[in-house]
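Numbering (our numbering), first residue to last: -7 to 118.
Read the structure below first, then the notes.
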């Protein structure tokens, strides 16, 4: 982190190097990495694809009427609580990248238990 008293860039710090590496990797992979207050710890897009394959058969726009929506099967209350309604009223109306962005926020707060079975099958961790 940068000290408010120092304007010198700390490009050699371990935190800076980790953040820079995450940004490079995320950009190269085209994944939807989300920066959180706790750091940059986004699950790779491939892991979210595996969670979605388990949750919804990989259909990011699914709405079967069972109260869960989108590839990662959000409830409307979770979608709203984590800011998803800035993209769409319900998760199945949002893009895959937008769903993953909201899922990263859910993961940071609730952990992989938000998807109790599929997180284990997909290898989703904090």
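The beta-carbon is built from N, C-alpha and C at its ideal position, and this holds for glycine as well.
If you're wondering where the values come from, they're calculated on a predicted model, not measured in any experiment.
Closest Cα partner of residue 44 within the set 84, 75 and 78
84
Nearest-angstrom Cα distance between residue 18 and residue 96?
Note on residue 18: pLDDT 37, under 50, position unreliable in the model; no value is reported.
With DSSP collapsed to three states, give me the class of residue 32.
Because the pLDDT of residue 32 is 46, which lies under 50, any placement of that residue in the model is unreliable, and the question is left without a value.
Per-residue DSSP class, three states only, for residue 70:
In the structure shown, the three-state DSSP call for residue 70 is helix.
Using CA atoms only, rank isn't needed, just tell me which of 38, 46 and 54 is closest to residue 87.
Closest by alpha carbon: 54.
Following the continuous alpha helix (DSSP H) through residue 42, name the residue where it begins and the one where it ends.
37 to 48
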